[in-house]
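*Asks:*
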Amino acid sequence: TLPGARPCIPKDFGHGSLVCVCNATYCDTLDPLVLPAPGSYVKYESSKAGKRLERSEGKFQRSLRTPGSATGRWRCLRGTPRHRGLSRALPAGLLLTLNISALYQHVKGFGGSFSDAAAMNILKLSQPAQDNLLRSYFSESGIEYNLVRVPMACSDFSVRPYSYDDVPNDYELKHFRLADEDVKMKV
Numbered sequence: 001t002l003p004g005a006r007p008c009i010p011k012d013f014g015h016g017s018l019v020c021v022c023n024a025t026y027c028d029t030l031d032p033l034v035l036p037a038p039g040s041y042v043k044y045e046s047s048k049a050g051k052r053l054e055r056s057e058g059k060f061q062r063s064l065r066t067p068g069s070a071t072g073r074w075r076c077l078r079g080t081p082r083h084r085g086l087s088r089a090l091p092a093g094l095l096l097t098l099n100i101s102a103l104y105q106h107v108k109g110f111g112g113s114f115s116d117a118a119a120m121n122i123l124k125l126s127q128p129a130q131d132n133l134l135r136s137y138f139s140e141s142g143i144e145y146n147l148v149r150v151p152m153a154c155s156d157f158s159v160r161p162y163s164y165d166d167v168p169n170d171y172e173l174k175h176f177r178l179a180d181e182d183v184k185m186k187v
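Numbering (full-length UniProt numbering), first residue to last: 1 to 187.
1) Can you give me the C-alpha to C-alpha distance between Tyr162 and Lys184, rounded to a whole angstrom?
2) Does at least one heavy atom of the ligand ZN sit under 6 angstroms from the Cβ of Thr29?
3) Measuring CB to CB, does His175 end up less than 7 angstroms from Asp165?
4) If you follow the alpha helix (DSSP H) that Pro128 is in, where does it begin and where does it stop?
5) Pick helix, strand or coil for Val42, following the three-state DSSP scheme.
6) Could you check whether the segment 138 to 157 touches the segment 112 to 121, counting it as contact only if at least three pairs of C-beta atoms, one from each stretch, sit closer than 8 angstroms?
7) Once DSSP output is grouped into helix, strand and coil, what is the label at Val19?
8) Report the rounded CA-to-CA distance for Cys22 versus Ala129, giving the unit in angstroms.
9) Quick one: residues in its chain with C-beta nearer than 6 angstroms to the C-beta of Pro81, no 5 flanking neighbours on either side, listed in chain order?
10) Report the residue from Leu173, Arg6, Arg52 and Val150 whose alpha carbon sits nearest the alpha carbon of Gly111.
11) I'd like the ranges of any alpha helix (DSSP H) spanning at least 4 consecutive residues and lying wholly in the UniProt domain "Glycosyl hydrolase family 30 TIM-barrel" (107 to 187).
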């Protein structure tokens with residue numbers, strides 16, 4: 001069984017937002033993901049004020065007739081707080097329209113991008129800190145990433161410009177080579 005969530009230990013770098021400490025001996029974790037019952041939802045919220053994937057639950061209520069609409073809607077029963085800093089505040093009972101009979105895409109998973117800069121920073125950590133960091137992304141006690149996008153050749157997060165074949169008119173790619181960054185950090 002998985003242990004319960006370990007809270008975020010906040011660190012302020014002086015720019016108005018907090019980060020969670022993750023090092024060789026400690027990294028915050030989440031409770032295992034439990035899918036909500038039908039008609040319910042789970043919300044995770046992070047904020048500059050220090051919330052880090054704070055979990056809350058609510059229920060949807062079926063509303064067959066919504067003024068001005070011929071489709072059924074689900075109304076969120078849990079009040080949605082008004083967001084500071086927005087020109088228009090969100091309504092207290094946010095109304096979402098869900099049409100569960102029309103599917104537009106299949107979600108294969110969730111993840112992020114691992115660029116040269118990310119790899120360089122991860123490799124500068126001690127092995128225990130690397131293990132904790134990667135566990136916080138990919139494990140059941142973390143955010144459970146199951147996809148990663150890796151840029152081909154350099155990106156705006158590389159320390160130098162490079163490509164896989166800088167030889168002009170090499171249409172047969174005879175000079176194609178992975179760069180050191182790919183071999184050492186991405187593959």
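Ideal placement from N, C-alpha and C gives every residue a C-beta, glycine not left out.
*Replies:* Looking at the atomic coordinates:
1) Numbered from 1 along the sequence shown, position 162 holds the residue referred to as residue 162. Numbered from 1 along the sequence shown, position 184 holds the residue referred to as residue 184. Their Cα atoms are separated by approximately 15 angstroms.
2) Questions concerning the ligand ZN fall outside what the structure shown contains, since it holds no ligand whatsoever.
3) On the sequence shown, residue 175 is found 175 positions in, with the first residue counted as 1. On the sequence shown, residue 165 is found 165 positions in, with the first residue counted as 1. Taking 7 angstroms as the Cβ cut-off, His175 and Asp165 qualify as a contacting pair.
4) For the purposes of this step, residue 128 is taken as the residue at position 128 of the sequence shown. Per DSSP, Pro128 belongs to the alpha helix (DSSP H) from Gln127 to Phe138.
5) Position 42 of the sequence shown holds residue 42. The answer is strand: DSSP assigns Val42 an E or B state.
6) yes
7) In the sequence shown, residue 19 corresponds to position 19, counting from 1. Val19 falls in the strand class under three-state DSSP.
8) Counting from 1 along the sequence shown, the entry for residue 22 is found at position 22. Counting from 1 along the sequence shown, the entry for residue 129 is found at position 129. When rounded, the separation of the alpha-carbon atoms in Cys22 and Ala129 is 7 angstroms.
9) Position 81 of the sequence shown, counted from the first residue, corresponds to residue 81. Bear in mind that the predicted position of Pro81 carries a pLDDT of just 43, short of 50, making it unreliable; the figure below should be weighed with that in mind. Excluding sequence neighbours, Pro81 sits near nothing in its chain.
10) Position 111 of the sequence shown, counted from the start, is the residue given in the question as residue 111. Answer by Cα proximity: Val150.
11) 116 to 123 and 127 to 138
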